[in-house]
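Notes for the one structure printed next.
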Ligand code: PAF
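In the working numbering, the protein residues as written are 83 to 362.
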C-alpha cells in the first residue's frame, strides 16, 4: 500500500491503472469498523481501492471540534493496509486549499444543505460538498463509497453528482453498529462508558417510530415529538427527530415512496446522528 499527499503524485500513481475499475472511500481518518466496511465494499466492487484521509476544515463550524478531531494516521494506515487498500491519499490542508479556505470556490446543494443537520451546523454541508467534489475530481474514481449513517450527506452527494453531471457512481453502505445498536462513529470516542450505554437509546427511539409506521401509524409529527421527549428525558440535548422523504428530505408528501427517520442529539461532548429507513 502506498500513501501520497500531493495531487500530482496521486494522479501519477493512478495513471497506469485507468483500465481497471477504481473505487474511492473518502474519510477523515480515525477509522473504525464502519469505515472498514466501506473499504471492504470498495474492494468487492472495484479493482483498485483508494482511501482518502483528510480532516476537512471547511466543514467544521467555528465552535466545533476541528482542532480536537482525533487524528490517528499511523493506526489508520495499519488498518487500511490490513483491509487491502491499494493507495491512501492524505493531503495537507494547503494542498487542498492552496489559496486559503475563504476565497475557494464553494459547491452548494441548496435543497438539502439547510435542513436537519444543516440548521444546527450552518455551512457544514457546503464544506462537505466542496471537499467531496474536489476528491472526486482529483481521484476520478469509477465508484465512490459513503456510509448511510450520514444519510443527509449521502443524499446531498448523490444530488451534487447528478446535478453537476459528474461521471461517478455513488454507493451507500449500510451503517455498522455496536452490539447495543449504537451507530459506529469517530465521535463515540467522546462518550464516557456510561454515556455510551445510554447513547444506544437513539437507535431504539428511531426503531420504535419505524415499528409504529409499519403498523400503520402515520401521525409523523406526534411520533417525532414522542421520540424527542424520550431522548430529552434520558438527558440528550435533541436537535431533531424527523420523519422525512428518504430522497428529498422534505416532510412526506404524495410523491414519497420511502421514508427515512433521522435524529441528531448531543450527549455529553458528542453530537450523535442516526437514521433508519422505512418502505411505504
Ligand atoms: O463523512 C466524512 O467522513 C466526511 O464528511 C467526508 C465525506 C470524508 C468529507 O470530508
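Each residue gets a CB set at the ideal place from its N, CA and C atoms; glycine is no exception.
Between residue i and the rest of its own chain, which residues show a CB-CB distance below 8 Å, the 5 nearest in sequence each way excluded?
| i | result |
| --- | --- |
| residue 33 | Beyond the ends of the chain as shown, which are 83 and 362, falls residue 33; an answer cannot be given. |
| residue 335 | 327 |
| residue 151 | 110, 112, 137, 142 and 268 |
| residue 130 | 96, 99, 102, 103, 104, 105, 168 and 169 |
| residue 277 | 349, 350 and 352 |
Which residue or residues does DSSP assign as beta-bridge partners of residue i?
| i | result |
| --- | --- |
| residue 134 | 108 and 171 |
| residue 252 | 226 |
| residue 355 | 346 |
| residue 341 | 327 and 360 |
| residue 85 | 170 |
| residue 259 | 265 |
Suppose the cutoff is 6 Å on Cβ atoms and the five residues either side in sequence are ignored; what does the same chain contact list for residue i look like?
| i | result |
| --- | --- |
| residue 314 | 320 |
Suppose contacts are defined by Cβ-Cβ distances below 7 Å. Is residue i in contact with residue j by that definition?
| i | j | result |
| --- | --- | --- |
| residue 83 | residue 164 | no |
| residue 134 | residue 217 | yes |
| residue 85 | residue 219 | no |
| residue 288 | residue 358 | yes |
| residue 123 | residue 255 | yes |
| residue 191 | residue 211 | yes |
| residue 225 | residue 253 | yes |
| residue 339 | residue 362 | yes |
| residue 296 | residue 323 | no |
| residue 120 | residue 107 | yes |
| residue 203 | residue 272 | no |
| residue 291 | residue 309 | yes |
| residue 221 | residue 132 | yes |
Just to confirm my understanding: we take residue i, look at its own chain, exclude 5 residues before and 5 after, and list those with CB closer than 7 Å. What are they?
| i | result |
| --- | --- |
| residue 154 | 111 and 112 |
| residue 286 | 263 |
| residue 302 | 325 and 334 |
| residue 312 | 287 |
| residue 342 | 233, 326, 328, 357 and 359 |
| residue 140 | 183, 209, 212 and 213 |
Applying the criterion that 16 or more other CB atoms from any shown protein chain within 10 Å of the CB defines a buried residue, is residue i buried or exposed?
| i | result |
| --- | --- |
| residue 241 | buried |
| residue 181 | exposed |
| residue 235 | buried |
| residue 346 | buried |
| residue 94 | exposed |
| residue 200 | buried |
| residue 247 | exposed |
| residue 356 | buried |
| residue 214 | buried |
| residue 209 | buried |
| residue 294 | buried |
Legend entry - Length at least 4, wholly inside the stretch 171 to 237: the alpha helix (DSSP H) runs in chain order: DSSP runs (the alpha helix (DSSP H)) wholly in the stretch 171 to 237: 175 to 178, 192 to 195, 199 to 202 and 206 to 221.
- At what residue ranges does the stretch 268 to 339 contain a whole run of the beta strand (DSSP E), taking only runs of 3 or more? Qualifying beta strand (DSSP E) stretches, in chain order: 319 to 327.
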